[in-house]
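Trainee: Residue numbers (the numbering used here), protein chains in the order written: chain Z, -1 to 102; chain W, 23 to 666.
Virtual Cβ for every residue (Gly too), placed ideally from N, Cα, C.
Once you've had a glance at the structure underneath, I'll fire off some questions.
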Amino acid sequence: MDYNMNLCGGCLTCEIACSYKHTGEFNHLVSAIEIIEREDKPGYKVRIHHDNCGDRIVCDGCIDIEGDPLCVQYCRKSDDLRTIINAFRATLRSQQKSEGYENE
Amino acid sequence: MSKENYGFTGKTLRINLTSKEIKVEDNTKYFKEWLTSSGYAAKIVYDEIKEWVTPFDPANKIIFSAGVLIGTVAPGACKMNISTIGPMTGGWATGSSDSYVAMELKHAGYDAVIVEGRSHFPCYLWITDEKVEIKDATALWGKTTWDTLDAIREELNDNKLHIVSIGPAGENLVRGASVIQDRNRGFGRCGTGAVMGSKNLKALVCKGKSPIKVANGDKFMKKAMELRNRILNASNTDKFSKYSTLGIFQKKQDMGAIPYKNCQESVFPEDTDVSMDPAPIVDKYTVAKQNFPGCPIGCGRHMEITDGPYKGLVTEGNHWEPFGTIVARCGCKEPTFMVKVSAYCNELGVDFNLAGGAIAWAMECYQRGILTKEDTDGMALEWGDEPVILEMIRKISYREGFGNILAEGCKRASDIIGRNSSYYAIHIKGQDLYECLRGSNAWALGAIVSTRGGGHTTGTCGFEQMLSVDNEKAYKILGVRNVDDPLTYEGKAEITYLYEILHRINNCTGICHQNTIYNNLDYIDIPDIAELLTYATGIELSAQDLRDIAMRQLNLEKAINARFTDFSRKDDMPTLRDQTEPMRKGKMDGWKLDMDKYNKMLDEYYTIHDWDKETAYPTRRILEKYGLDYVADELERIGKIGKE
C-alpha cells in the first residue's frame, strides 16, 4: 500500500527503526515500511508492505504497542506518519475482524 | 577467527585498481585508538603512503569510510568520509558529506574501502554483500554527476541505488574537484574528486543487507531517543530545519561576516541586504524536503524556481556555502543564483569554494587592471555577471582556456599570473577559503589552523557568530568564557581545541556537526557520543577516551603534513588581506585584526597542544603521550620534531 506523505524528507530513519523493532538489528532493506522517491516530482511516498515481499518483514502495524510504533517515533514529521500508520492499523483490524467472523 | 563486532563491521575492502586485486582485511585492531572513518583513514594514510608520493600518483590511496554509528538510529549519523593526500594542499585531505552511500557500504559488510593504484580504463566500483566488482565506466566518462547517477541506476536496473561520483572536473584533475553523493551533496573540500579522477575511478556504488548489530540494544535505543528528543525540543531547531545554514544570513550581515566582492567589503550593500536574504527564496520555491539517515533536524529542501532567469530549475540547494562563497564573493544581485550555481557546480563536480575563490580572485584582479581580456579569453570579469560566472565554472571544470589556470585554485593561479596578484588570493595553506577571518576570532583561528587547509568544519566554534549565545550555559558545557564575544582573543585557543575534538569525533562516528554542540548548545556533546559508542560497540569508552582519540588523530594529521608539505607557523596565519585591512561597511566597519593579539592567541593554541610555538611542530612529549613514539621518531629524522 502506498501513501503520499508530502513532508517526508526521505531520511529512512523509520525504515531503520522498523528493522530494529522486528529483528533486533539495523537493516533498513528488510523493513516493513519503505520510503520511495516520487517519480513525478521531488519528494517521497511511504509504502507499507502488508503482503509477503521478498526478504521484507510483513507489517503487522505493531499493534502489540499501544502508542506509536517505532517507525512513527523516529519520524521527523510523526503526525503525518501516525495518520498513515493508524489508517493502516484500522484496515488491518477490520481485516482481522472480518476474517475472525468468517472463521466462526 | 575474529570475534563479532558491534556497531562497526570490522572489515575493510582493499581494491588495487592497477592489479585488480580485491582483498578483505580485519580492521578491528584500529578501533580503540582511531575509532572508524576519518580517524582510521588518517592512520592508513600515515602508515601506508610514502613520502615521495604526490596526490595524483598511482601510489596515492583514497579511502571511503563510514563511521561506527552509521546505519543506526543515532541522531544525524549519516556522514561519509573520503580521505587521501590531496591536491589543494599537498597534505592531509579529508571531506565529508551527508550520504546514503555510507549506510549502504556498511550493509554491504564494510566500514571502509581503500582504493590503490590506477585503473587502465575508466571504472566504477559495485560493492554488495554478495560480490565486489570493478566495472567498466568508459560509457560514463565525460558525463555529469547527475547523468552518471541515472546511467548507473539504469545499468544496474535499480532506481533506488545511491552513488558517489565525480563529474568532468574530477576527470580533468581540477584541483578542487569534489565528489558528489547522488545529485546534490558534495564532499567539497580538498580535491578528493581529482584523486578519484587520477585513478580513473568514476563512482562507488554500494548496496547490501548485512545487518548492523549493537551490543546493548535497549540502552542504545533509549539514549538515541533521549538525544533525538533533546534536539527536537531545543530552541532554534525549527528555524534551522526550515532554512538550514541560510538562516544565519542576518546575523552574518550584522557581524560583517559576508565575503562580499572577494572580502573587500564585509556586508552586502545596504540597498540589497533585504533583497539578498535567502530565507524568502527558500519559503517561495520549496517543493519538497530532503533529510538524511538518522537526522531529526531535516534541513534539506528541494526547490523549483518558477520565475526569473533560472525559471524551470528543479534541484536541492538551500545551503550557505554556494551563497557565501559564490553569490556574495562574486558580488551577485540575484538571490536565486545560489540555487543555479549550486546545481551547476554539483553537476560538474567542482567545489563551490574553489570556483568562488578562483573566480572572485580573477574578478578583483580584473577590477584592478591586473588581468585584462587578453588573459581571460576575451571575457569581461565584471562583478556579479552571472552568465560569466557560470561560463568560468564550465571552463574550470573542463580546464579550458583561462579556466585551466583557475582550476588550480586562487593561490596557484596567482603564482602563475604573478603581477602582485597574490594579495587578492584568499586561501589558507593553498586551499581556497570563503571564510571572513575578521570579526570572529574563534571562527578565524579554527579555520586558519585547520590541517586540511582553510575551512570551518575541523575546529571552529559555529555558534560564535550567533550573537545571542548564553554565556553562562556555554561556560557550564564548554568550561570556557567569552564564547559570546567574537571580538576578544581570550579563551579562543581553548574553544578551538574543544571543537577540534568534537569535529573529529563526529567525523569518526558519522554524526553530522549540525546535530551537535557545534550548532546548538542543547544538542549532542562528547559525553553523549561516548555513551552511544559504548552501548553500540560493547567497548567501554569515556568522554576522556574520545578526547584522547581525537587529539591522537590531530597529531597524526600534523605528522602527515610534516611528511608531505612545508607547513609550519607561517601557514597558520590569516590571509594578507585579513592581516592588513580593517572590515569595511556595515556595523563592524573599521574593526581590524590585532596581529600582536592574534600571535599571542596562536602561542596559547600551540601551548595547549604542546606543540612548538616557533615551528608549530608536535613535541615528542605530546606524541608519546598518545602512543605515537614511532611518529616522533620519524619527525626527528626529518628535522620536524617540536622543541619542548
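Are any of the Cβ atoms in chain C nearer than 9 Å to that of A88 (chain Z)?
Mentor: The structure shown contains no chain C; its protein chains are Z and W.
Trainee: Need the endpoints of the beta strand (DSSP E) that I55 (chain Z) sits in, please.
Mentor: What you label residue 55 (chain Z) is simply residue 57 of the first sequence in a count that begins at 1. First-last for I55 (chain Z): undefined, no H or E at that position.
Trainee: Shorter than 9 Å from the beta carbon of D53 (chain Z) to some beta carbon of chain W?
Mentor: Working through the first sequence from its first residue, we reach residue 53 (chain Z) at position 55. Yes, because at least one Cβ of chain W sits closer than 9 Å to the Cβ of D53 (chain Z).
Trainee: Mind checking who G22 (chain Z) pairs with in its DSSP beta bridge?
Mentor: Translated into positions along the first sequence, residue 22 (chain Z) becomes position 24. Paired residue(s): none; G22 (chain Z) is not in a bridge.
Trainee: Could you name the residues that DSSP lists as bridge partners for Q203 (chain W)?
Mentor: Residue mapping note: residue 203 (chain W) aligns to position 181 of the second sequence, counting from 1. Per DSSP, W:V186 and W:R207.
Trainee: Got a sec? Which residues, its chain only, sit under 7 Å from L183 (chain W) by beta carbon, not counting five neighbours each side?
Mentor: Taking the first residue of the second sequence as 1, we reach residue 183 (chain W) at position 161. Cβ neighbours of L183 (chain W) beyond the five flanking positions: I174, R175, V227 and K229.
Trainee: For a minimum of 3 consecutive residues, which ranges assigned as the beta strand (DSSP E) are wholly contained in the stretch 324 to 357 of chain W?
Mentor: 336 to 338
Trainee: Of all Cβ atoms in chain W, is any one closer than 9 Å to the Cβ of H26 (chain Z)?
Mentor: Start at 1 with the first residue of the first sequence, and residue 26 (chain Z) comes out as number 28. It does; some Cβ of chain W falls within 9 Å.
Trainee: Could you tell me the distance, in whole angstroms, from the CA atom of M401 (chain W) to the CA atom of V410 (chain W)?
Mentor: Mapped onto the second sequence, residue 401 (chain W) falls at position 379. Mapped onto the second sequence, residue 410 (chain W) falls at position 388. Roughly 7 Å between the two C-alpha positions.
Trainee: Hey, is the stretch 337 to 357 of chain W in contact with the stretch 389 to 396 of chain W, meaning 3+ C-beta pairs nearer than 8 Å?
Mentor: no
Trainee: In the DSSP assignment, what residue or residues form a beta bridge with A63 (chain W)?
Mentor: To locate residue 63 (chain W), count along the second sequence from 1; it is residue 41. Note: A63 (chain W) sits in no beta bridge, so no partner.
Trainee: Please compile the residues from chain Z whose C-beta is within a distance smaller than 7 Å of the C-beta of G314 (chain W).
Mentor: Along the second sequence, one-based indexing puts residue 314 (chain W) at 292. Just to set this straight, residue 314 (chain W) is Phe in the shown sequence, not Gly. Result: C9.
Trainee: Would you mind sorting Q575 (chain W) into buried or exposed? The rule is 16 or more other CB atoms within 10 Å of its CB.
Mentor: Reading the second sequence from its first residue, position 553 is the one you call residue 575 (chain W). So Q575 (chain W) ends up on the buried side.
Trainee: Which term fits A30 (chain Z), buried or exposed, when burial requires 16 or more other beta carbons within 10 angstroms of its beta carbon?
Mentor: As a working note, residue 30 (chain Z) is residue 32 in the first sequence. So A30 (chain Z) ends up on the buried side.
Trainee: What residues of chain W sit near G22 (chain Z), judged by a beta carbon separation below 7 Å?
Mentor: Working through the first sequence from its first residue, we reach residue 22 (chain Z) at position 24. Within chain W, the residues near G22 (chain Z) are G239.
Trainee: So is Y1 (chain Z) in contact with chain W if we call contact Cβ pairs under 9 Å?
Mentor: For the purposes of this step, residue 1 (chain Z) is taken as residue 3 along the first sequence, with counting starting at 1. It does not; no Cβ of chain W falls within 9 Å.
Trainee: In terms of residues, what are the limits of the alpha helix (DSSP H) holding M414 (chain W)?
Mentor: As a position in the second sequence, residue 414 (chain W) is number 392, starting the count at 1. E408 to S419 is the span of the alpha helix (DSSP H), which, as asked, contains M414 (chain W).
Trainee: Counting only C-beta atoms, is A30 (chain Z) closer than 9 Å to chain W at any point?
Mentor: For the purposes of this step, residue 30 (chain Z) is taken as the residue at position 32 of the first sequence. No, A30 (chain Z) lies away from the interface with chain W (no Cβ there is under 9 Å from its Cβ).
Trainee: Please list the segments of the beta strand (DSSP E) lying wholly inside the stretch 57 to 125 of chain W, counting only runs of 3 or more residues, in order along the chain.
Mentor: The stretch 57 to 125 of chain W contains these whole beta strand (DSSP E) runs: 84 to 88, 101 to 107 and 114 to 120.
Trainee: Between C60 (chain Z) and chain W, is there a C-beta pair that is closer than 9 Å?
Mentor: Working through the first sequence from its first residue, we reach residue 60 (chain Z) at position 62. For C60 (chain Z), the answer is no, since every Cβ of chain W falls outside 9 Å of its Cβ.
Trainee: Counting only beta-carbon atoms, is Y6 (chain W) nearer than 9 Å to chain Z?
Mentor: This structure cannot speak to residue 6 (chain W), because chain W is shown only from 23 to 666.
Trainee: Kindly say whether N181 (chain W), judged by its beta-carbon, lies nearer than 9 Å to any beta-carbon of chain Z.
Mentor: By one-based count along the second sequence, residue 181 (chain W) stands at place 159. Answer yes: the Cβ-Cβ gap between N181 (chain W) and chain Z drops below 9 Å somewhere.
Trainee: Are the C-beta atoms of R45 (chain Z) and some chain W residue less than 9 Å apart?
Mentor: As a first step, residue 45 (chain Z) is located in the first sequence; it is residue number 47 there, counting from the start. With 9 Å as the cut-off, R45 (chain Z) does not count as an interface residue toward chain W.
Trainee: When the Cβ atoms of the stretch 72 to 92 of chain Z are set against those of the stretch 26 to 41 of chain W, are three or more pairs found closer than 8 Å?
Mentor: no
Trainee: Are the beta-carbon atoms belonging to W163 (chain W) and N368 (chain W) less than 9 Å from one another?
Mentor: As a position in the second sequence, residue 163 (chain W) is number 141, starting the count at 1. As a position in the second sequence, residue 368 (chain W) is number 346, starting the count at 1. It is not a contact, given that the beta carbons lie outside the stated cut-off.
Trainee: Report buried or exposed for L598 (chain W), applying the criterion of at least 16 other Cβ atoms within 10 angstroms of its Cβ.
Mentor: Start at 1 with the first residue of the second sequence, and residue 598 (chain W) comes out as number 576. Result: exposed.
Trainee: My understanding is that L195 (chain W) touches A216 (chain W), with C-beta atoms under 8 Å, so please give their C-beta distance in whole angstroms.
Mentor: In the second sequence, the residue the question calls residue 195 (chain W) occupies position 173. In the second sequence, the residue the question calls residue 216 (chain W) occupies position 194. Yes, they are in contact, since the Cβ atoms of L195 (chain W) and A216 (chain W) sit about 5 Å apart, within 8 Å.
Trainee: If you measure between the beta carbons of G98 (chain W) and C317 (chain W), is that distance less than 9 Å?
Mentor: Position 76 of the second sequence, counted from the first residue, corresponds to residue 98 (chain W). Position 295 of the second sequence, counted from the first residue, corresponds to residue 317 (chain W). Yes.
Trainee: Do C57 (chain Z) and H47 (chain Z) have their C-beta atoms closer together than 9 Å?
Mentor: For the purposes of this step, residue 57 (chain Z) is taken as residue 59 along the first sequence, with counting starting at 1. For the purposes of this step, residue 47 (chain Z) is taken as residue 49 along the first sequence, with counting starting at 1. Yes.
Trainee: In terms of residue numbering, what span does the alpha helix (DSSP H) encompassing V135 (chain W) cover?
Mentor: Working through the second sequence from its first residue, we reach residue 135 (chain W) at position 113. No alpha helix (DSSP H) holds V135 (chain W); the beta strand (DSSP E) holding it covers A134 to E138.
Trainee: What in chain Z is Cβ-close to M247 (chain W), meaning under 9 Å?
Mentor: For the purposes of this step, residue 247 (chain W) is identified with residue 225 of the second sequence, where counting begins at 1. Going along chain Z in sequence order, the residues near M247 (chain W) (Cβ under 9 Å) are Q71 and Y72.
Trainee: Just how far apart, CA to CA, sit T480 (chain W) and C212 (chain W)?
Mentor: As a first step, residue 480 (chain W) must be located in the second sequence, where it is residue number 458. As a first step, residue 212 (chain W) must be located in the second sequence, where it is residue number 190. Looking at the two C-alpha atoms, the distance is approximately 13 Å.
Trainee: Would G71 (chain Z) be called buried (16 or more neighbouring beta carbons within 10 Å of its own) or exposed?
Mentor: Here the question's residue 71 (chain Z) lines up with position 73 in the first sequence. A small correction: the amino acid at residue 71 (chain Z) is Gln; Gly does not occupy that position in the sequence shown. In the assembly as shown, Q71 (chain Z) is a buried residue. Its beta-carbon has 16 or more other beta-carbons within 10 Å.
Trainee: Anything in the stretch 81 to 112 of chain W with a Cβ closer than 7 Å to a Cβ of chain Z? List those residues in chain order, please.
Mentor: G93, T94 and V95
Trainee: Among all the DSSP beta bridges, which residues are the ones paired with W633 (chain W)?
Mentor: Along the second sequence, read from residue 1 onward, the residue named residue 633 (chain W) stands at position 611. According to DSSP, which records beta bridges pairwise, W633 (chain W) is partnered with W:P640.
Trainee: Look at the alpha carbon of S119 (chain W) and the alpha carbon of R207 (chain W), and state the distance between them as a whole number of angstroms.
Mentor: Against the second sequence, residue 119 (chain W) aligns to sequence position 97. Against the second sequence, residue 207 (chain W) aligns to sequence position 185. The C-alpha of R207 (chain W) is placed about 6 Å away from the C-alpha of S119 (chain W).
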